[in-house]
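A.B. asks: From first to last, the protein sequence lines stand for chains A and B. Be aware that the first sequence starts at 182, since it is given in the working numbering, and climbs by one per residue. Be aware that the second sequence starts at 227, since it is given in the working numbering, and climbs by one per residue. No residue lacks a Cβ here, since even glycine has one placed at the ideal position from N, Cα and C. Quick one: this structure, given as structure tokens, is what I'll be asking you about.
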Amino acid sequence: MTALININVQTQDFDVAKEYAALRQNNTQDGAIVFFSGLVRDMNQGQDVKGLFLEHYPAMTEKSLAEIVDQACTRWPLSRVRLIHRVGQLHISDQIVFVAVSSHHREAAFEACHFIMDYLKNRAPFWKKETTPQGDTWVAALDKDTYALQKWDEHDQ
Amino acid sequence: MINVLFFAQLRETLNSQGVELNIDTPCTVSAIKNALVQHNPNWQTHLNLATVLCAVNQTIVDNQSMIQDGDEVAFFPPVTGG
Numbered sequence: 182m183t184a185l186i187n188i189n190v191q192t193q194d195f196d197v198a199k200e201y202a203a204l205r206q207n208n209t210q211d212g213a214i215v216f217f218s219g220l221v222r223d224m225n226q227g228q229d230v231k232g233l234f235l236e237h238y239p240a241m242t243e244k245s246l247a248e249i250v251d252q253a254c255t256r257w258p259l260s261r262v263r264l265i266h267r268v269g270q271l272h273i274s275d276q277i278v279f280v281a282v283s284s285h286h287r288e289a290a291f292e293a294c295h296f297i298m299d300y301l302k303n304r305a306p307f308w309k310k311e312t313t314p315q316g317d318t319w320v321a322a323l324d325k326d327t328y329a330l331q332k333w334d335e336h337d338q
Numbered sequence: 227m228i229n230v231l232f233f234a235q236l237r238e239t240l241n242s243q244g245v246e247l248n249i250d251t252p253c254t255v256s257a258i259k260n261a262l263v264q265h266n267p268n269w270q271t272h273l274n275l276a277t278v279l280c281a282v283n284q285t286i287v288d289n290q291s292m293i294q295d296g297d298e299v300a301f302f303p304p305v306t307g308g
């Protein structure tokens, strides 16, 4: 099955309802859509956060996201994948990322959506710099994000 | 000629967006790091951190990977998107 894949890296916001409607449009074969949206929290790693700036490596970003989505399509029978990641200046409660997958059955949709987010967190070249009352600070990578990948390796065995 | 790029906290710590490096190729990523430290000895600690990632032509690789003339080599800290 060749999945319909649509990936964007952009500064502008996105409309979840429109994205969800697009996944349903002319889609009579799928019984499940799972999506995840990531937001800017007002507290991170014990600090008040006023906003954040998302830097990326433009030449690599879409390529790495496409590789992650391709891996997911190899592991699960997906019909459609929609991935949006924002860059630039963001504020509290802004949307950062959207991952949606459509499949015949929910198991594949749940797992593929989770897999894409776990890999994106570890492999896609984005970096967050938060604005806090103590000044701007780079967000530290978390071990739990690295460990999150291990379960997908174990999954294979 | 190798085009070297730095991103995020590493770019700020090194105070450099990147450099063009003249080095005999093919060579390893480790050899590139050594050449960068020769270029600026202050970079040694930061480039040799175990957490620093390297991408060659926009794909993450390890220190033993081979670099060819004209490659784009990027160094950056662990990613924190999503």
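If you measure beta-carbon to beta-carbon, which residues of the region 228-246 of chain A are closer than 8 Å to chain B?
C.D. replies: Leu-235, Glu-236, His-237, Tyr-238, Ala-240, Met-241, Lys-244, Ser-245
A.B. asks: Give, in chain order, every residue of the region 289-309 of chain A whose Cβ lies closer than 8 Å to some Cβ of chain B.
C.D. replies: Met-298, Leu-301, Lys-302, Asn-303, Arg-304, Ala-305, Pro-306, Phe-307, Trp-308, Lys-309
A.B. asks: Under 8 Å: do the region 281-299 of chain B and the region 252-265 of chain B share three or more Cβ pairs, one atom per stretch?
C.D. replies: Touching, per the Cβ criterion.
A.B. asks: For A:Arg-267, which of helix, strand or coil comes out of DSSP?
C.D. replies: Numbered from 1 along the first sequence, position 86 holds the residue referred to as residue 267 of chain A. Looking at A:Arg-267 - three-state DSSP - the assignment turns out to be strand.
A.B. asks: Which same chain residues end up closer than 8 Å to A:Arg-287 when comparing Cβ atoms and leaving out the 5 residues on each side of it in sequence?
C.D. replies: Position 106 of the first sequence, counted from the first residue, corresponds to residue 287 of chain A. Answer for A:Arg-287: Gly-212, Ala-213, Val-215, listed in chain order.
A.B. asks: What residues in the region 316-328 of chain A have a beta carbon less than 9 Å from any beta carbon of chain B?
C.D. replies: Trp-319, Val-320, Ala-321, Ala-322, Leu-323, Asp-326, Thr-327
A.B. asks: If I measure Cβ to Cβ from A:Gly-219 and keep anything under 7 Å in the same chain, skipping five residues before and after, which residues do I get?
C.D. replies: By one-based count along the first sequence, residue 219 of chain A stands at place 38. Taken in chain order, the residues that qualify are Ile-277, Val-278.
A.B. asks: Could one say the Cβ of B:Ala-276 lies closer than 9 Å to chain A's Cβ atoms, at least one of them?
C.D. replies: For this step, residue 276 of chain B is matched to residue 50 along the second sequence. False, the Cβ-Cβ gap to chain A never drops below 9 Å.
A.B. asks: What are the start and end residues of each continuous beta strand (DSSP E) run of 3 or more residues lying completely inside the region 243-307 of chain A, in chain order?
C.D. replies: 259-267, 269-272, 276-284
A.B. asks: By Cβ distance, which residues of its chain are closer than 7 Å to B:Phe-233, with the 5 residues on each side in sequence left out?
C.D. replies: Working through the second sequence from its first residue, we reach residue 233 of chain B at position 7. Result list for B:Phe-233: Ala-300, Phe-302, in chain order.
A.B. asks: Please name the residues in the region 295-307 of chain B whose beta-carbon is closer than 9 Å to at least one beta-carbon of chain A, in chain order.
C.D. replies: Listed by position, the residues of the region 295-307 of chain B near chain A (Cβ gap below 9 Å) are Glu-298, Ala-300, Phe-302, Pro-303, Pro-304, Val-305, Thr-306, Gly-307.
A.B. asks: If I'm right that A:Ala-305 touches A:Thr-242 with Cβ under 8 Å, what's the distance once you round it to whole angstroms?
C.D. replies: Residue mapping note: residue 305 of chain A aligns to position 124 of the first sequence, counting from 1. Residue mapping note: residue 242 of chain A aligns to position 61 of the first sequence, counting from 1. The pair is a contact, with the Cβ atoms about 6 Å apart (cut-off 8 Å).
A.B. asks: Please report the distance separating the alpha-carbon of A:Tyr-328 from that of A:Ser-245.
C.D. replies: By one-based count along the first sequence, residue 328 of chain A stands at place 147. By one-based count along the first sequence, residue 245 of chain A stands at place 64. Roughly 20 Å between the two C-alpha positions.
A.B. asks: Cutting at 6 Å between CB atoms, please list the residues of its own chain near A:Tyr-238, excluding the five before and the five after it.
C.D. replies: Here residue 238 of chain A corresponds to residue number 57 of the first sequence, with the count starting at 1. Excluding sequence neighbours, A:Tyr-238 sits near Pro-306.
A.B. asks: Can the beta-carbon of A:Lys-302 be found closer than 9 Å to that of B:Gly-244?
C.D. replies: In the first sequence, the residue the question calls residue 302 of chain A occupies position 121. In the second sequence, the residue the question calls residue 244 of chain B occupies position 18. Not closer than 9 Å, so no.
A.B. asks: Checking 9 Å against the spacing of the C-beta atoms, do B:Val-305 and A:Trp-333 come in under that value?
C.D. replies: Here residue 305 of chain B is taken as the residue at index 79 of the second sequence, counted from 1. Here residue 333 of chain A is taken as the residue at index 152 of the first sequence, counted from 1. Not in contact: B:Val-305 and A:Trp-333 (Cβ atoms no closer than 9 Å).
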